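Visitor: First the structure, then my questions, so here it is.
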Amino acid sequence: MIVDAILSPEFLNAALRATTPILFAALASAIAAKSGVINMALEGILLFTALFGVIFSSAFQSAWLGLLVTMVMGGLIGFLLAFFVLRLKTDAILAAIAINLIADGATILILLAVSGDRGISSSINSIIIPRITLPIIENIPFIGAVLSNQNILTYVSLIMVVLVHIFLYKTPLGLQIRAVGENKDAAESVGISSDKIRYISLTISGVLASMGGFFLSGGYMTRFTTGMSAGRGFIALAASAMGGNTPIGSFLVSLLFGGAQAISNILQLGTLPHELVQMLPYATTLIGLGLYSYSKMKKRQRLTGK
Amino acid sequence: MNSNTKFNILRTGLSISIALLISFGIIFLTSKEPVNAIVQLLTGPLQSQRRFGNVIEAMIPLIFTGVGVSIMFAANEINLAGEGAFHLGGLVATYFALNTTLAAGISPIMTILIAGIAGAIVTLIPAILKIKTESDVLVSSLMMNYLVLYFANYILSNILRDPKAGAVVSFAVPSVTQLSTIMPGTRIHIGLFLALIVAILGYIFMFKTKIGYELRITGENRQFARYSGINVVKITLISQLLGGFIFGVGGGVELLGMYNRFTWTSLLGYGWDAIIITTLAKKNPIHVPFAAFFLAYLRTGASIMARSTDVATELVTITQGLIILLVVAEQFLSKYKHKMIAKEAKATLGEKEGE
Amino acid sequence: MSQIVLQMNNIMKIYPNGVVAVEDVTFELEKGEIHALLGENGAGKSTLMKVLFGIESPENGEIILEGTKVDIKSPLEAIKKGIGMVHQHFMLVPSLTVAENIVLGVEPKKNSLFTDEEKAIELSKEIAEKYNFEIDVREKVEELPVGLKQKVEILKALYRGADILILDEPTAVLTPQETKELFIQLKKLKEKGHTIIFISHKLDEIKEICDRATIMRNGKGMGTYQVKDISTAEMSKLMVGRDVVMEFDKKPVQLKETVMRVRDLCVTGTTGIRRIDGLSFDLKAGEILGIAGVEGNGQGHLVEVLTGLSDKYQGEISIFGKNAKEYSIRELRDSGMAHIPEDRMTLGCAKDMNILDNMFTNQYHKPEFSGRVLLKNKKLEEKAKELIKEYLVKCKSYKQNVGMLSGGNIQKVVVAREFSTDPKIIIANQPTRGIDVGAASFIRQRIIEFRDAGCAIILISADLNEVLELSDRLAVIYKGKFSGVFSNVKNIEEVELGKYMLGIKRDDNLEGIIYEQ
């Protein structure tokens, strides 16, 4: 019964939907990691921008304007992380933990100040990004049911995979990002400011994650709720690491985690205890990470020989 | 006291002050009665014995988690599963207390020890996963927390739930197992002594024992430790095990001291609190009670403020984040530090030439 | 008198840990010369050049370039002002191609958005051809041999229009052939009007290629000289502050029992290349076995397997009559092995811990210093004070962090720790590299004392003086094999030894390396 459910186009459609926020964040993580910084603040950025999305889309009464401003805000948080890590030499992990903490508190405070709501943005009249059907594709059996009738941001996330790939591998800036991440001293020795490159990378990282955040409250759900990022930022970190920090690798692993999320969403409606089903995405990540790292270790050991 | 220590104290003090000032700024921006809110935040805990008691009560779990994470981080492993260890400690303590009948003195002790073991398992899993597969402890430990949370929710609603209670809570823990209150008029319980003992033992462990010495060397330079003949894998495992154990004990103590039923249906955030405490305590367990007191005071002040004014308690989460950001920002005030050191070097240079 | 292109006046640099690396040094450069910057490791040459290249900012002093005072805050500014630097450790991105490395930071674009890969290759080829560098610019840098990597570095600087080229110990990593080739290219660059600063401590190379030399010692300038007017002996005197030839008082060797036996040892490196290729030797108590060789010929791998840091080897190693694989590192050390590591900062100390903490990592567990659980802190403190005195460690107290000490003093802490366990075998890998002469001769003296007391010592060094002075037997290692063995060390000629080290000469008969079958 479960197998049938998983192979159904409805399920795959839902999986793609669940993948979207993780994918945006995983791409964000990949760019940061390529420049040599672990962006653990993705969790906080997702949460912040999920709230901002609701607030700004309501303020402008336009989902697109709201998204735009949310993206700017996401970029700002990424820039702030960069400022602490690069200018003030704060440990990147601790700075991220701090930002995540601030996000926890500030989202509640801001929501309260803006709307008087506690925990859930019920009185904010936010606008969400709509779903669309894809002409022609929607008529293809199976594939149409999977791909069509998705949120526009889901399509954007897929396009982003390609754009980020081109950005990293076909543009001068991408070349410099990879150079800085791989050998910072080498980049510096030819006058590339590694700090500048990392500022740019983390800012872009923030912008990408903010699209994921917006989707959470303005597509995946229709409201903001406290703590709604629910560890997706951390899962994305694992996804990009397992994908070798390449956009395409990150995409494939994100699909796996999104699938696990979707399964857990479906199974919660069934007879299985929902608490155990909720463990699924996290367990998948943990086991996936273990298996991936293990195979990487074995591969290296084989190369080294005995 | 050398210039480095002096500088560290100065910087920590300044960081806290700046973080507080920013928080006051937020209060002024959002509150209709900002002055009253700030007064409540800063002096609220001193206004009655019960309130000051709240500070001490809140400090107890923070000491456990601060010591626990100090020991785990000393191995230079960013293991964040302390959160889950604390949570599982509370759950297991409840389960054990409900399913055993032990004598009055022994029951809490056994319960807390079992809670500690449960906590140790939680932090040990990411550590073992790293040793066996080289997977990143940071991510795997974060996943552990969510796994523990949903597992605990499952056990709570399917096994421990008291159907007669209105909310989703467990049956009440027998009173023989609960930790007794030591100060009338407050809920300060015997766990306070336990926490202080853990801090002192933690200090002795880190700075006076052989394993502590091995642990510090391993954390500072793993290759050097291995070269010296230290079994770094064993030491890392011991530190993760011990740290998790202390987290688990903390969870057990908190449950038996402050709750009589298991009511935790979401993560309580003690794992993150531990980070700010170890940051302020500079990984030294003996400093942990002071940092814990500071944070507990701030927390209690914030909840008093929230009750009597229009500012939400979550304000202090922001304050905490700001403190971490500033305290660990190495370059913050670093120009001043470099000047101090350059002055010293020039002075010694002068001495040499004067000879 | 030629035109002066660069003046650095009264430069002073203090590092954040308080070490005064450069103290009131003045340096002057004439157009079109090859100017040697000469000094021992740690004399401050590299630091002075980092100041010029904008990597370090000086506490005092001024830089005058082409007659105008300049303030160089970053490498980018240095590059814009026509200064290029080839670092000792290559500044290349391994996964990128030669062309990508050359154009990195100034990439040609197409459609003003994308990298123009074709153009990058074309431009790189052009610059390589202009200076007669033979190199395939499409190849990935990680696949190139060392000599070619260096060429990429020089091309990078030239591509950016460097008039002044700083080369930081460029020959340290090169084979003799590659060195020769480099010198030819440097002379060509000079003809084309480039000015070159050649950092080195190899006197013969300076004699061969440089016009003038500025000598540094202990962070201070010791003057600038016309190379043709100064003898090598005079240069070395200025460089080290005393006559180089050290005669140690060595008693005749008294061989005792065999403590280490190595047969057909092979080690494979990470890239699948054999790093140690069939080594056999014996070591007896009471002798110093010197192993000479250019760095990177397997010394590191040999030390790793002998000291128990790695057990990934084939063949046989037996120590005190027991198979080495049966020992843990701790057991090996407890049975009398001491190890002075090549890199004191990564393997030899924890820089953010104090001197005391660093002094007992190999012996804290002995009954003298600890009980079952607790450390005997009083005992440790007493012993630390004693060792600081005995080993002349310059510090405020044992509570000072090791990272705050100078290189020589850090090495003394390492040596004090390793020698205070009363070792029976000492494996000393570059024990005096990069430290001042006083500390070096102190350490060498100690090594001899241990040998006289019946300790077995393996001394691995790239410093010919050191191995020739100290060794009772000397083996030369080249590409993981012994290329020659000398039982009578006193009679070896340096030139001859050099040939073995560079693989020009190789003996098949390695008599004397094994005592008995």
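These protein sequence lines are chains A, B and C, in that order. Taken in order, the first sequence gives residues 1 to 306; the numbers are from the numbering used here. Taken in order, the second sequence gives residues 1001 to 1355; the numbers are from the numbering used here. Taken in order, the third sequence gives residues 2001 to 2517; the numbers are from the numbering used here. We put the CB at the ideal spot given by N, CA and C, even for glycine. Source: prediction; values computed, not measured.
Is DSSP giving C/Val2485 helix, strand or coil here?
Guide: If you number the third sequence from 1, residue 2485 of chain C lands on position 485. Reduced to three states, the DSSP call for C/Val2485 is strand.
Visitor: Using a Cβ cut-off of 7 Å (strictly closer), state whether B/Lys1057 contacts chain A.
Guide: Numbered from 1 along the second sequence, position 57 holds the residue referred to as residue 1057 of chain B. For clarity, residue 1057 of chain B is Glu in the given sequence; the question names Lys instead. Not an interface residue.
Visitor: Of all the CB atoms in chain C, is at least one closer than 7 Å to the CB of A/Lys299?
Guide: Taking the first residue of the first sequence as 1, we reach residue 299 of chain A at position 299. A/Lys299 does not count as touching chain C.
Visitor: Any Cβ of chain C within less than 7 Å of the Cβ of B/Thr1005?
Guide: Counting from 1 along the second sequence, the entry for residue 1005 of chain B is found at position 5. Output row for B/Thr1005: interface = no.
Visitor: Determine the closest residue to C/Asn2429 out of C/Tyr2398, C/Glu2368, C/Asp2508, C/Leu2302, with distance taken between C-alpha atoms.
Guide: Counting from 1 along the third sequence, the entry for residue 2429 of chain C is found at position 429. Ranking the options by Cα distance to C/Asn2429, first place goes to C/Leu2302.
Visitor: Is there contact here, the segment 2051-2071 of chain C with the segment 2001-2010 of chain C, by at least three beta-carbon pairs under 8 Å?
Guide: yes
Visitor: Please determine if the segment 200-213 of chain A and the segment 36-49 of chain A are in contact, where contact requires at least 3 C-beta pairs separated by less than 8 Å.
Guide: yes
Visitor: Any idea which residues DSSP pairs C/Asp2282 with across the strands?
Guide: Locating residue 2282 of chain C in the third sequence gives position 282, where the first residue counts as 1. For C/Asp2282, which the question treats as bridged, DSSP gives the partners C/Arg2261.
Visitor: Do you know how far the Cα of B/Leu1062 is from the Cα of B/Ala1195?
Guide: Taking the second sequence and counting its residues from 1, the one referred to as residue 1195 of chain B is at position 195. Taking the second sequence and counting its residues from 1, the one referred to as residue 1062 of chain B is at position 62. Answer to the nearest angstrom: the Cα atoms are 9 Å apart.
Visitor: Can at least three beta-carbon pairs, one atom from the segment 247-254 of chain A and one from the segment 14-32 of chain A, be found at a separation below 8 Å?
Guide: yes
Visitor: By Cβ distance, which residues of its chain are closer than 6 Å to A/Phe224, with the 5 residues on each side in sequence left out?
Guide: Here residue 224 of chain A is taken as the residue at index 224 of the first sequence, counted from 1. Excluding positions up to five away in sequence, the list reads Ala50, Leu51, Val54, Ser121, Ser217.
Visitor: Between the Cα of B/Phe1086 and those of B/Leu1237, B/Asn1076, B/Val1253, B/Ile1016, spot the shortest distance and give me the residue it belongs to.
Guide: Counting from one through the second sequence, the residue named residue 1086 of chain B turns up at place 86. Measuring from the Cα of B/Phe1086, the nearest candidate turns out to be B/Val1253.
Visitor: Going by the CB atoms, is the gap between A/Gly78 and A/Leu168 shorter than 7 Å?
Guide: On the first sequence, residue 168 of chain A is found 168 positions in, with the first residue counted as 1. On the first sequence, residue 78 of chain A is found 78 positions in, with the first residue counted as 1. Taking C-beta atoms as the reference points, A/Leu168 and A/Gly78 fail to come closer than 7 Å.
Visitor: Quick test of your reading: A/Lys34 and A/Arg178, contact by CB under 8 Å. State the CB separation rounded to the nearest angstrom.
Guide: Here residue 34 of chain A refers to the residue found at position 34 when the first sequence is read from its first residue. Here residue 178 of chain A refers to the residue found at position 178 when the first sequence is read from its first residue. Yes, A/Lys34 and A/Arg178 are in contact; Cβ-Cβ is about 6 Å, under 8 Å.
Visitor: Just to confirm the assignment: which complete alpha helix (DSSP H) runs, minimum length 4, are found wholly within the segment 2331-2373 of chain C?
Guide: Within the segment 2331-2373 of chain C, the complete alpha helix (DSSP H) runs of at least 4 residues are 2355-2359.
Visitor: Can you tell me which of the three DSSP states A/Ser115 falls into?
Guide: For the purposes of this step, residue 115 of chain A is taken as residue 115 along the first sequence, with counting starting at 1. Correct three-state label for A/Ser115: helix.
Visitor: In this structure, how does DSSP classify C/Tyr2225 when only helix, strand and coil are distinguished?
Guide: Walking along the third sequence from the start, residue 2225 of chain C turns up at place 225. In the structure shown, C/Tyr2225 sits in a strand (DSSP, three-state: E or B).
Visitor: Please report the straight-line C-alpha distance between B/Trp1272 and B/Gln1240, rounded to a whole angstrom.
Guide: As a working mapping, residue 1272 of chain B is identified with position 272 in the second sequence. As a working mapping, residue 1240 of chain B is identified with position 240 in the second sequence. Straight-line Cα distance between these residues: approximately 16 Å.
Visitor: Rank C/Glu2033, C/Gly2044, C/Lys2081 by C-alpha distance to the C-alpha of C/Phe2053 and give the top, closest one.
Guide: Here residue 2053 of chain C corresponds to residue number 53 of the third sequence, with the count starting at 1. For the residues C/Glu2033, C/Gly2044, C/Lys2081, the minimum Cα distance to C/Phe2053 belongs to C/Lys2081.
Visitor: Buried or exposed: C/Asn2491, going by 16 or more other Cβ atoms within 10 Å of its Cβ?
Guide: Here the question's residue 2491 of chain C lines up with position 491 in the third sequence. Only exposed fits C/Asn2491, as fewer than 16 other CB atoms lie within 10 angstroms of its CB.
Visitor: To which residues of the same chain is B/Asn1008 closer than 8 Å at the C-beta, ignoring the five residues directly before and after it?
Guide: Taking the second sequence and counting its residues from 1, one reaches residue 1008 of chain B at position 8. These residues qualify, in order along the chain: Lys1282.
Visitor: Compare the C-beta of C/Arg2333 against all C-beta atoms of chain B and say whether one is closer than 7 Å.
Guide: By one-based count along the third sequence, residue 2333 of chain C stands at place 333. Yes, because at least one Cβ of chain B sits closer than 7 Å to the Cβ of C/Arg2333.
Visitor: In the structure shown, what three-state DSSP assignment does C/His1948 receive?
Guide: Nothing in the structure corresponds to residue 1948 of chain C, since chain C is present only between 2001 and 2517.
Visitor: What does C/Lys2156 touch in chain A if you count any residue whose Cβ is under 7 Å from its own?
Guide: Numbered from 1 along the third sequence, position 156 holds the residue referred to as residue 2156 of chain C. Those are Val190, listed as they occur along chain A.
Visitor: Looking at the C-beta of C/Phe2133, does it have a partner C-beta in chain A at a distance below 7 Å?
Guide: Here residue 2133 of chain C corresponds to residue number 133 of the third sequence, with the count starting at 1. Not closer than 7 Å to any Cβ of chain A, the Cβ of C/Phe2133 fails to qualify, so no.
Visitor: Is it true that the CB of C/Ile2206 sits closer than 7 Å to the CB of C/Met2239?
Guide: To locate residue 2239 of chain C, count along the third sequence from 1; it is residue 239. To locate residue 2206 of chain C, count along the third sequence from 1; it is residue 206. For C/Met2239 and C/Ile2206, no; Cβs fall outside 7 Å.
Visitor: Along the beta strand (DSSP E) that carries C/Leu2165, what are the first and last residues, could you check?
Guide: As a first step, residue 2165 of chain C is located in the third sequence; it is residue number 165 there, counting from the start. DSSP places C/Leu2165 in the uninterrupted beta strand (DSSP E) bounded by 2164-2168.
Visitor: Between the Cα of B/Asn1158 and the Cα atoms of A/Arg17, A/Lys298, A/Pro273, which residue gives the shortest distance?
Guide: For this step, residue 1158 of chain B is matched to residue 158 along the second sequence. Among A/Arg17, A/Lys298, A/Pro273, the Cα nearest to that of B/Asn1158 belongs to A/Pro273.
Visitor: So, for C/Tyr2391: in the same chain, excluding its five sequence neighbours on each side, which residues have a beta-carbon less than 6 Å away from its beta-carbon?
Guide: In the third sequence, residue 2391 of chain C corresponds to position 391, counting from 1. Answer for C/Tyr2391: Lys2412, Ala2416, listed in chain order.
Visitor: Identify each residue in the segment 1125-1148 of chain B for which the Cβ-Cβ distance to at least one residue of chain A is less than 9 Å, and report them in chain order.
Guide: Ile1125, Pro1126, Leu1129, Lys1130, Lys1132, Thr1133, Glu1134, Ser1135, Asp1136, Leu1138, Val1139, Ser1140, Leu1142, Met1143, Met1144, Asn1145, Tyr1146, Leu1147
Visitor: By DSSP, does B/Ile1060 sit in helix, in strand, or in coil?
Guide: By 1-based counting over the second sequence, the position of residue 1060 of chain B is 60. Reduced to three states, the DSSP call for B/Ile1060 is helix.
Visitor: Under a CB-based cut-off of 7 Å, is B/Tyr1213 close to chain C?
Guide: Sequence index remark: in the second sequence, residue 1213 of chain B carries index 213 (1-based). Yes, contact with chain C.
Visitor: Look at the alpha carbon of C/Gly2336 and the alpha carbon of C/Leu2265, and state the distance between them as a whole number of angstroms.
Guide: The residue you call residue 2336 of chain C lines up with position 336 of the third sequence. The residue you call residue 2265 of chain C lines up with position 265 of the third sequence. Straight-line spacing of the CA atoms in C/Gly2336 and C/Leu2265 works out to 22 Å.
Visitor: Pull up the distance between the alpha-carbon of B/Thr1111 and that of B/Tyr1297, whole angstroms please.
Guide: Numbered from its first residue, the second sequence carries residue 1111 of chain B at position 111. Numbered from its first residue, the second sequence carries residue 1297 of chain B at position 297. If I take the Cα positions, the gap works out to 29 Å.
Visitor: Show which residues of chain B have a CB atom less than 7 Å away from the CB atom of A/Ala238.
Guide: The residue given as residue 238 of chain A occupies position 238 in the first sequence. Chain B residues near A/Ala238: Val1139.
Visitor: Judging by CA-CA distance, which residue of A/Asp117, A/Ile124, A/Val162 is the nearest neighbour of A/Ile248?
Guide: The residue you call residue 248 of chain A lines up with position 248 of the first sequence. Cα-wise, what sits closest to A/Ile248 is A/Val162.
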